[in-house]
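At position 94 of the sequence shown (counting the first as 1) the number is 203 in the working numbering, and the numbers step up by one without a gap.
No residue lacks a Cβ here, since even glycine has one placed at the ideal position from N, Cα and C.
These numbers were taken from a predicted model, which means no experiment stands behind them.
In what follows, a structure is listed as structure tokens, so that the remarks can point back to it.
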Amino acid sequence: MKHSVLLSLLLTVSLAANARTPVRPYEEWEATQFVALSGHQPSDYVAPDNNWEILYCLRTPHTPAELRATGVGCTDSQLMLLEVGGLIAEQEGKWKTTIPILDREQTRSLRSFADGVAESVYTANEADFVNLAGTIREAGFGNNVFSLLFSYLLDGRMWTKLVLFEEIENHSTWSGCYWILYEPRDGMKCGTNSYGDQDLILTYTDSRIARGSATMDRYAAEIARYGKVTDDGLITELQPYGMTDSQGNVPIPVIGNMPDAFHGITQKLVDAITTELKANCGDLATRYGIEDEKTAMVVLYHEVMWSLTDRLIRDGIVSVPPILTDGKAYENRLCDVLFFVGGGLMQ
Numbered sequence: 110m111k112h113s114v115l116l117s118l119l120l121t122v123s124l125a126a127n128a129r130t131p132v133r134p135y136e137e138w139e140a141t142q143f144v145a146l147s148g149h150q151p152s153d154y155v156a157p158d159n160n161w162e163i164l165y166c167l168r169t170p171h172t173p174a175e176l177r178a179t180g181v182g183c184t185d186s187q188l189m190l191l192e193v194g195g196l197i198a199e200q201e202g203k204w205k206t207t208i209p210i211l212d213r214e215q216t217r218s219l220r221s222f223a224d225g226v227a228e229s230v231y232t233a234n235e236a237d238f239v240n241l242a243g244t245i246r247e248a249g250f251g252n253n254v255f256s257l258l259f260s261y262l263l264d265g266r267m268w269t270k271l272v273l274f275e276e277i278e279n280h281s282t283w284s285g286c287y288w289i290l291y292e293p294r295d296g297m298k299c300g301t302n303s304y305g306d307q308d309l310i311l312t313y314t315d316s317r318i319a320r321g322s323a324t325m326d327r328y329a330a331e332i333a334r335y336g337k338v339t340d341d342g343l344i345t346e347l348q349p350y351g352m353t354d355s356q357g358n359v360p361i362p363v364i365g366n367m368p369d370a371f372h373g374i375t376q377k378l379v380d381a382i383t384t385e386l387k388a389n390c391g392d393l394a395t396r397y398g399i400e401d402e403k404t405a406m407v408v409l410y411h412e413v414m415w416s417l418t419d420r421l422i423r424d425g426i427v428s429v430p431p432i433l434t435d436g437k438a439y440e441n442r443l444c445d446v447l448f449f450v451g452g453g454l455m456q
């Protein structure tokens, strides 16, 4: 009887030791795709069946048999799909995830680390941020300060300085970086869209504030060709949104027409931020296993960008345009979150 009880206890301990904590649903994580596409995007490979569970569990290398023994169902076709998608690779008979997936503590640690890098950047370059905002106001675009500092400097010029898609990771249907953090971050979150020949730029929190794509493309084409809107019907359509006056003049910044000081300070900040990032991105290999330097740079800067944006808002260097907090009430101020870059932003 004692042997039976002991065996039962040992079995219970063994089962507890091998019990697997369920993987949180993919939708609860923050997945970021900084990619150029030639077919399917990375998330397309993760969505089917339990591919996300497989991808997460392969952060630790396993053979298919070992993976199944932990309770994770997987087929050869699933592994093949994830391999084609560039998300796992086989090494010495075991499969391993090839993209950064950070758990809760790693995500919090990364963001704390990024906050420190952003603080270092801000402290050393605060005067230049202030001067850039002042230069924009002096040029007559005080309402566009936020859009230009975020979408032109931080979410535009910085990315073209840091990396080209083809220089990071090249896979069968995409190139670039794809990484997954435990949860979305708090604070301001906005994005950047482009229209026309990627030369009309919109800053948004809800991309529905823009007019239809066809209208935005026509607006971009008119500015590119004439420097104003010449089509009477388009003028009538755009006036309620502050995008043109009755004569077709556009009130948004055209980057090529901005003063030399704007370009000089922008370049100075791009160089300063890049230098700070390069000095710190090596730590991501030891801290989080992100060994590719360019991928580490992208992941780190993505967090630094938000930290810098929060700090610029907090210190009053920029203010969030009202249309970004209430798109309906301030739809007549769409011009505050638009600018034009001849040749495109990512050049």
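Same chain only: Cβ atoms within 8 Å of residue i, ignoring 5 sequence neighbours per side
i, result
"Glu440", "Ile318, Pro349, Tyr350 and Ile432"
"Arg213", "Tyr291 and Glu292"
"Ser316", "Gly300 and Asn302"
"Val181", "Arg129, Asn159, Glu162, Ile163 and Cys166"
"Leu262", "Leu241, Thr375, Leu378 and Val379"
"Glu228", "Ser416 and Arg420"
Residue i versus residue j - alpha carbon distance
i, j, result
"Val193", "Thr282", "9 Å"
"Leu190", "Asn234", "46 Å"
"Thr232", "Glu247", "24 Å"
"Asp414", "Thr130", "Note that residue 414 corresponds to Met in the displayed sequence, not to Asp. Each residue's Cα considered, the two are about 33 Å apart."
"Ser416", "Val379", "16 Å"
"Ala370", "Leu347", "31 Å"
"Arg294", "Ser355", "42 Å"
"Arg442", "Asp224", "32 Å"
"Gly398", "Lys437", "44 Å"
"Ala236", "Val230", "11 Å"
"Met352", "Val429", "19 Å"
"Met455", "Thr314", "20 Å"
"His150", "Val144", "For the record, residue 150 in the displayed sequence is Gln; it is not His. Spanning the two alpha carbons is a distance of roughly 8 Å."
"Leu343", "Leu447", "17 Å"
"Ser218", "Leu211", "10 Å"
"Gly285", "Phe250", "34 Å"
"Ser186", "Lys203", "16 Å"
"Cys444", "Val132", "44 Å"
"Glu385", "Gly296", "23 Å"
"Ile422", "Phe259", "11 Å"
"Asn253", "Glu201", "54 Å"
"Pro360", "Gln307", "19 Å"
"Met406", "Trp138", "21 Å"
"Arg266", "Leu257", "10 Å"
Assigned secondary structure, residue i (DSSP; H/G/I helix, E/B strand, else coil)
i, result
"Leu219", "helix"
"Lys377", "helix"
"Glu102", "Beyond the ends of the chain as shown, which are 110 and 456, falls residue 102; an answer cannot be given."
"Ala438", "coil"
"Val272", "coil"
"Asn253", "helix"
"Asn160", "helix"
"His280", "coil"
"Leu120", "For Leu120, the pLDDT reaches just 40, beneath the cut-off of 50, and the residue's location in the model is therefore unreliable, although a value from the coordinates is still provided. In the structure shown, Leu120 sits in a helix (DSSP, three-state: H, G or I)."
"Lys149", "With the sequence shown as reference, residue 149 is identified as His, and Lys is not the correct amino acid for it. Three-state DSSP puts His149 in coil, outside helix and strand."
"Val427", "coil"
"Thr169", "coil"
"Asp306", "coil"
"Arg266", "helix"
"Gly225", "helix"
Residue i - partner residues in DSSP beta bridges
i, result
"Gly300", "Tyr313"
"Leu447", "Leu311"
"Gln356", "Partner(s): none; Gln356 has no beta bridge."
"Lys205", "Ala198"
"Ile210", "Ile289"
"Val363", "Phe449"
Own chain, CB closer than 7 Å to residue i, minus 5 neighbours either side, in chain order
i, result
"Asp326", "Tyr304 and Gly305"
"Trp288", "Thr141, Ile208, Pro209 and Val408"
"Leu120", "At Leu120 the pLDDT is 40, less than 50, meaning the model places this residue with poor confidence; the figure from the coordinates comes in the next sentence. For Leu120, where only same-chain residues beyond five positions count, there are no Cβ hits under 7 Å."
"Ile426", "Phe238, Val239 and Ala242"
"Glu400", "Ala394"
"Lys205", "Leu167, Pro170, Ile197 and Ala198"
"Glu412", "Leu219, Arg220 and Ala223"
N-terminal and C-terminal residue of the alpha helix (DSSP H) that residue i is part of
i, result
"Val144", "Note, Val144: premise wrong, no alpha helix (DSSP H); beta strand (DSSP E) at Glu139 to Leu146."
"Leu190", "Asp185 to Val193"
"Ser322", "Ser322 to Tyr335"
"Tyr397", "Asp392 to Tyr397"
"Gly351", "Looking at the DSSP string, Gly351 is not in any alpha helix (DSSP H), and its letter there is neither H nor E."
"Gly342", "Asp341 to Leu347"
"Glu175", "Pro173 to Ala178"
Bounding residues of the beta strand (DSSP E) (the contiguous stretch that carries residue i)
i, result
"Gly285", "Trp283 to Leu290"
The ligand NAP heavy atom lying under 7 Å from the CB of residue i
i, result
"Tyr410", "Absence of the ligand NAP from the depicted structure is noted, as is the absence of any ligand whatsoever, leaving it without description."
Residues near residue i by beta carbon distance below 6 Å, same chain, minus five either side
i, result
"Ala381", "Asn234"
"Thr269", "Met455"
"Gly365", "Gly451"
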